[in-house]
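In what follows, a structure is listed as structure tokens, so that the remarks can point back to it.
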Amino acid sequence: MNRATSCILAALLTTGVASSQVIPPTRIGISGGLTLSPLSPSVRTWRSFSSIQPQFALFETNDSWRFTNGSMGLGAGVGLLFGFPITPNIHISGRIGYNSMLGSASAQQIIAPTTVDHTIDVFSSTLEITPAAEFYGLFGSFSLHPLVGLEFGIPLATCVTQKATATSQNTTTTQTFADASDIPDRSVRAALLIGLGYTLRLDSFWYMQPEISYRIALSDVSSNAAYAPTSFSQIRIGVNIFFGFPDKPDAPPSSRGMSATIDRITAYDRDGREVNVNALNVEDVRYNEMFPLVPYVFASEKGLPDSNSQVVNFMSEKGGFQPETLPLDAIEVNRNFLQIIGTRMIKYPQATLTITGTTAGASEAKLGSLAQRRANWAKQYLVSAFGLDSSRIAARSSATPSKPSSTIDPDGIVENRRIEFASNVPDVLAPVVITADNQRVSSPDVVTFHPKVDTDDSLSTWSLTVMQAGRPLREINGIGHPARVSWPIRPNELSTAQVPVDYEMVFRSVKGDSAVATGSIPVDYVSSMRKKTENLPDRTIDKYSLILFDFDKATLTEDNSRILEQMVLPNITSTSKVTIIGYTDRIGNDAYNEKLSRERAETVKVFLQARASDATYSINGVGEATEIFPNDIAIGRQLSRTVQVIVETPRR
Numbered sequence: 001m002n003r004a005t006s007c008i009l010a011a012l013l014t015t016g017v018a019s020s021q022v023i024p025p026t027r028i029g030i031s032g033g034l035t036l037s038p039l040s041p042s043v044r045t046w047r048s049f050s051s052i053q054p055q056f057a058l059f060e061t062n063d064s065w066r067f068t069n070g071s072m073g074l075g076a077g078v079g080l081l082f083g084f085p086i087t088p089n090i091h092i093s094g095r096i097g098y099n100s101m102l103g104s105a106s107a108q109q110i111i112a113p114t115t116v117d118h119t120i121d122v123f124s125s126t127l128e129i130t131p132a133a134e135f136y137g138l139f140g141s142f143s144l145h146p147l148v149g150l151e152f153g154i155p156l157a158t159c160v161t162q163k164a165t166a167t168s169q170n171t172t173t174t175q176t177f178a179d180a181s182d183i184p185d186r187s188v189r190a191a192l193l194i195g196l197g198y199t200l201r202l203d204s205f206w207y208m209q210p211e212i213s214y215r216i217a218l219s220d221v222s223s224n225a226a227y228a229p230t231s232f233s234q235i236r237i238g239v240n241i242f243f244g245f246p247d248k249p250d251a252p253p254s255s256r257g258m259s260a261t262i263d264r265i266t267a268y269d270r271d272g273r274e275v276n277v278n279a280l281n282v283e284d285v286r287y288n289e290m291f292p293l294v295p296y297v298f299a300s301e302k303g304l305p306d307s308n309s310q311v312v313n314f315m316s317e318k319g320g321f322q323p324e325t326l327p328l329d330a331i332e333v334n335r336n337f338l339q340i341i342g343t344r345m346i347k348y349p350q351a352t353l354t355i356t357g358t359t360a361g362a363s364e365a366k367l368g369s370l371a372q373r374r375a376n377w378a379k380q381y382l383v384s385a386f387g388l389d390s391s392r393i394a395a396r397s398s399a400t401p402s403k404p405s406s407t408i409d410p411d412g413i414v415e416n417r418r419i420e421f422a423s424n425v426p427d428v429l430a431p432v433v434i435t436a437d438n439q440r441v442s443s444p445d446v447v448t449f450h451p452k453v454d455t456d457d458s459l460s461t462w463s464l465t466v467m468q469a470g471r472p473l474r475e476i477n478g479i480g481h482p483a484r485v486s487w488p489i490r491p492n493e494l495s496t497a498q499v500p501v502d503y504e505m506v507f508r509s510v511k512g513d514s515a516v517a518t519g520s521i522p523v524d525y526v527s528s529m530r531k532k533t534e535n536l537p538d539r540t541i542d543k544y545s546l547i548l549f550d551f552d553k554a555t556l557t558e559d560n561s562r563i564l565e566q567m568v569l570p571n572i573t574s575t576s577k578v579t580i581i582g583y584t585d586r587i588g589n590d591a592y593n594e595k596l597s598r599e600r601a602e603t604v605k606v607f608l609q610a611r612a613s614d615a616t617y618s619i620n621g622v623g624e625a626t627e628i629f630p631n632d633i634a635i636g637r638q639l640s641r642t643v644q645v646i647v648e649t650p651r652r
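Position 52 (the sequence shown) corresponds to 52 in our numbering; numbering is contiguous.
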């Protein structure tokens with residue numbers, strides 16, 4: 001029973017998709033399903049049967065023998081259902097319908113030289129009435145909901161069939177007792193219901209709910225002493241199909257179409273407060289940024305890495321690659337992952353690599369050598385492209401990653417199809433540090449647009465275009481209705497002109513309507529020459545990102561501690577202002593991710609402050625509220641599990 005329940009729960013969980021939580025409105029419909037009914041029997045084997053054959057007479061005088069070894073049988077349930085919300089997340093529902101249960105039991109009795117083997121089949125059907133409470137919104141973007149209730153069953157038919165076989169001195173006698181006779185003194189069935197459902201919206205009004213529930217018996221089948229205590233528990237696997245009444249009557253078609261505005265533009269200040277952005281302050285600074293390497297290459301489903309992984313530029317000329325010349329862009333740095341570690345393997349001839357191919361679990365479990373082929377692919381590339389000795393690289397396989405992402409979220413499953421890299425020399429997988437003088441850096445460096453759309457229709461797609469003096473800076477696209485859209489501003493992305501940034505956000509509805517929101521953000525550019533002329537303070541900005549946090553963890557790994565000790569602490573002085581900001585990917589709900597990101601930031605602050613106590617520290621955890629890397633690709637989600645350490649130090 002436990003194995004069956006676990007398998008069904010897992011099946012429901014893995015059907016989740018990265019979509020909004022579906023919460024049904026007031027509803028009415030039908031339900032149906034199959035039932036497995038474990039029988040817990042205590043039935044007398046001899047219950048004053050008539051016409052007992054002589055072979056059984058000796059056994060009949062012993063009235064204490066009972067069936068106590070039960071098993072389950074297959075039944076069915078069908079009925080009507082209704083439901084309505086009492087709060088947005090708590091709903092009351094009810095079902096009324098037909099429910100059947102079937103179970104078997106066996107017993108053996110021995111009075112030498114005769115052995116009697118008994119089997120019994122117990123059948124019960126009821127008119128079921130089940131009030132329940134359903135709880136929505138507990139699983140973030142997943143449309144799962146638990147339910148708890150009581151089942152009451154009015155008996156319709158309750159019968160028993162028994163067969164006894166006597167064996168004595170090579171003689172076998174069989175007798176069937178009380179063939180399909182009713183059980184007397186039937187009781188009203190009572191059971192506690194616990195279950196889990198998943199809601200799918202079929203169209204504007206119709207919904208479907210796969211559902212699994214377990215009914216714990218609270219009453220016996222009969223109060224008759226010959227049949228008590230005998231009860232049925234029940235596992236039910238079914239589907240509900242229902243019509244959902246809209247909360248409000250449909251409004252008549254509007255002739256005004258749709259409109260859109262950008263309600264506000266915000267950013268987080270160094271103290272962790274979300275503030276409105278009135279202007280972008282751009283200045284020339286000495287800028288150092290550390291870009292962590294994600295030690296994975298992601299593969300396509302049931303295949304090898306493709307053009308969406310970190311190997312876009314993997315055909316560069318051998319030996320001519322210089323990581324320090326890459327753009328100041330973490331995504332672009334990690335797209336060159338194999339180039340970077342191949343170059344470093346040449347630099348460190350004592351280094352070895354262990355490459356492990358993994359799979360996403362159940363969806364790829366039957367593909368045998370897929371994980372090994374992924375590892376062999378990476379090894380072959382490094383050997384061919386960089387002329388490395390194959391003995392320095394070990395390729396192996398694992399059914400699942402050593403530190404997997406979520407195994408039930410579609411984003412996590414994609415991330416578990418990967419190739420993992422480890423080295424005996426930490427510098428092979430160390431972050432890439434790029435240093436440059438007079439880099440144009442914006443403050444704030446991440447801004448968030450909050451759109452507001454007035455429409456009677458659902459949105460299908462949207463796009464945000466950011467420009468400066470007619471020059472496109474960034475285009476961000478998405479689907480559905482965005483609550484907020486983040487724009488991380490890269491170093492040197494804004495020009496040296498005192499020209500505002502213009503934005504245009506286009507929204508498109510499922511019916512083909514569209515609306516456009518436009519506006520601009522003033523830009524104040526402070527050049528290094530202006531700093532000297534106006535005697536303005538100059539500074540160095542060092543920016544570090546730590547992404548080696550394990551999935552759903554806030555503890556520092558050995559690699560993170562080494563990076564903080566060797567690469568961050570040497571640049572913190574008593575005059576430094578250290579800002580620590582925690583982020584997460586989009587997996588999980590907002591409140592949990594915000595808490596997790598702050599815990600990660602606090603962990604880093606404690607480590608640094610214990611070793612450089614004279615600096616000024618501030619921390620903030622913004623979770624997934626600010627998307628600093630695109631979360632629709634695996635490498636972007638990995639990079640988003642970060643704590644950014646920004647060290648600002650005045651320059652003399």
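We treat Cβ as the ideally placed atom computed from N, Cα and C, and that holds for glycine.
### Task
Report the residue from 134, 479, 650 and 502 whose alpha carbon sits nearest the alpha carbon of residue 144.
Comparing Cα positions, the closest option is 134.
#### Entry: Cα-Cα separation, residue 545 to residue 645
When rounded, the separation of the alpha-carbon atoms in residue 545 and residue 645 is 6 Å.
### Query
Helix, strand or coil: which one does DSSP assign to residue 244?
Collapsing the DSSP output to three states places residue 244 in a strand.
### Query
What's the C-alpha gap between residue 519 and residue 462?
Between residue 519 and residue 462, the C-alpha separation is close to 16 Å.
### Query
Is it right to say residue 616 is buried, meaning 16 or more other beta carbons lie within 10 angstroms of its own, or is it exposed?
Within 10 angstroms of the beta-carbon of residue 616 lie fewer than 16 other beta-carbons, which makes it exposed.
#### Entry: Residue range of the unbroken alpha helix (DSSP H) whose run includes residue 339
Where residue 339 is concerned, the enclosing alpha helix (DSSP H) stretches over 337-347.
### Query
Bridge partners of residue 164, per DSSP?
Partner(s): 118 and 175.
#### Entry: Candidates 632, 620 and 633, of which the one nearest residue 643 by Cα
Comparing Cα-Cα distances from residue 643 to each of 632, 620 and 633, the minimum goes to 620.
### Assigned secondary structure, residue 642 (DSSP; H/G/I helix, E/B strand, else coil)
Correct three-state label for residue 642: coil.
### Task
Decide if residue 606 is buried, meaning its Cβ has at least 16 other Cβ atoms within 10 Å, or exposed.
Around the beta carbon of residue 606, fewer than 16 other beta carbons lie within 10 angstroms, which makes this residue exposed.
### Query
How would you label residue 275, buried or exposed, when you count the other beta carbons within 10 angstroms and need 16 or more for buried?
Of the other Cβ atoms in all chains shown, fewer than 16 fall within 10 Å of the Cβ of residue 275; this residue is therefore exposed.
### Task
Within 10 angstroms of the Cβ of residue 324, are there 16 or more other Cβ atoms? Answer buried if so, exposed if not.
Counting Cβ neighbours within 10 Å, residue 324 comes out exposed, since fewer than 16 surround it.
### Message
Quick check: the Cα distance between residue 650 and residue 281, rounded to an integer number of angstroms?
### Response
Distance from the CA of residue 650 to the CA of residue 281, rounded to the nearest whole angstrom, comes to 17 Å.
### Query
By DSSP, does residue 325 sit in helix, in strand, or in coil?
Residue state for residue 325 is assigned as helix, using DSSP reduced to three classes.
### CB contact flag (residue 508, residue 460, <8 Å)
Yes; because the gap between Cβ atoms is below 8 Å, this pair is in contact.
### Task
Give the straight-line distance between the Cα atoms of residue 568 and residue 202, rounded to the nearest whole angstrom.
Roughly 53 Å separates the two Cα atoms.
### residue 10, buried or exposed, once every other Cβ within 10 Å from all chains shown has been counted against 16
Residue confidence for residue 10 is low, a pLDDT of 42 falling below 50, so the modelled location carries little weight; the figure read from the coordinates is stated next. Label assigned to residue 10: exposed.
### Query
Should residue 293 and residue 432 be called a contact, given that it needs their Cβ atoms to be closer than 8 Å?
Going by C-beta atoms, residue 293 is nearer than 8 Å to residue 432.
### Query
Quick one: Cα of residue 370 to Cα of residue 415, how far?
Just so you know, the alpha carbons of residue 370 and residue 415 end up roughly 15 Å apart.
#### Entry: Per DSSP, cross-strand counterpart(s) of residue 524
Secondary-structure assignment with DSSP links residue 524 through a beta bridge to 281.
### Query
Thinking C-alpha only, which one of 594, 243 and 540 is nearest residue 554?
Cα-wise, what sits closest to residue 554 is 594.
### Query
Excluding five sequence neighbours on each side, which residues of the same chain lie with their C-beta closer than 6 Å to the C-beta of residue 475?
Apart from sequence neighbours up to five positions away, the residues of its chain that approach residue 475 with a beta-carbon distance below 6 Å are 465, ordered along the chain.
### Query
When you compare each of 159, 524, 65 and 511 to residue 496 by their alpha carbons, which one comes out closest?
The alpha carbon of residue 496 has as its nearest neighbour, out of 159, 524, 65 and 511, the alpha carbon of 524.
### Query
Can you list, in chain order, the residues of its chain whose CB lies under 6 Å from that of residue 423, leaving out five sequence neighbours each side?
351, 353 and 429, listed in sequence order.
### Given residue 456 as reference, the closest of 142, 102 and 260 once Cα atoms are compared
In terms of CA proximity to residue 456, 260 leads the group 142, 102 and 260.
### Query
Contact check, residue 36 vs residue 235 under 8 Å by CB: the rounded distance?
With a Cβ gap of about 4 Å, residue 36 and residue 235 count as contacting.
### Task
Mind reading off the beta-carbon distance from residue 23 to residue 136? Whole number of angstroms is fine, and I expect it under 8 Å.
Between residue 136 and residue 23 the Cβ distance is about 5 Å, and since that is below 8 Å, they are a contact.
### Task
Drop a sphere of 10 angstroms on the beta-carbon of residue 138, count the other beta-carbons inside from all chains shown, and report buried for 16 or more, exposed for fewer.
Classification of residue 138: exposed, given that the 10 Å Cβ count is below 16.
### Message
Report the start-end ranges of each beta strand (DSSP E) in the region 459-484 that is 3 residues or longer and not cut off at the edges.
### Response
Runs of the beta strand (DSSP E) inside the region 459-484: 459-468 and 471-479.
### As assigned by DSSP and simplified to three states, the class of residue 318
Below a pLDDT of 50, predicted positions are generally treated as unreliable, and residue 318, at 46, falls in that range; the measurement from the model is reported next regardless. Reduced to three states, the DSSP call for residue 318 is coil.
### Query
Leaving out five residues before and five after residue 634 in sequence, what residues of the same chain have Cβ atoms less than 6 Å from its Cβ?
Within the same chain, residue 634 has close Cβ partners 298, 414 and 415.
### Query
Quick one: what's got a C-beta closer than 8 Å to residue 599's C-beta in the same chain, skipping five residues either side?
Closer than 8 Å at Cβ, skipping near neighbours: 554, 582 and 621.
### Query
Using the C-alpha atoms, what's the distance from residue 126 back to residue 45?
Near 25 Å, if we compare the C-alpha coordinates of residue 126 and residue 45.
### Message
What does the Cβ neighbour count give for residue 729, buried or exposed, with the cut at 16 atoms within 10 Å?
### Response
Lying outside 1 to 652, the shown extent of the chain, residue 729 is not represented and no answer is given.
### Task
Kindly indicate which three-state DSSP category residue 421 falls into: helix, strand or coil?
Strand.
### In DSSP terms, what residue 621 is bridged to
BP columns for residue 621 point to 582.
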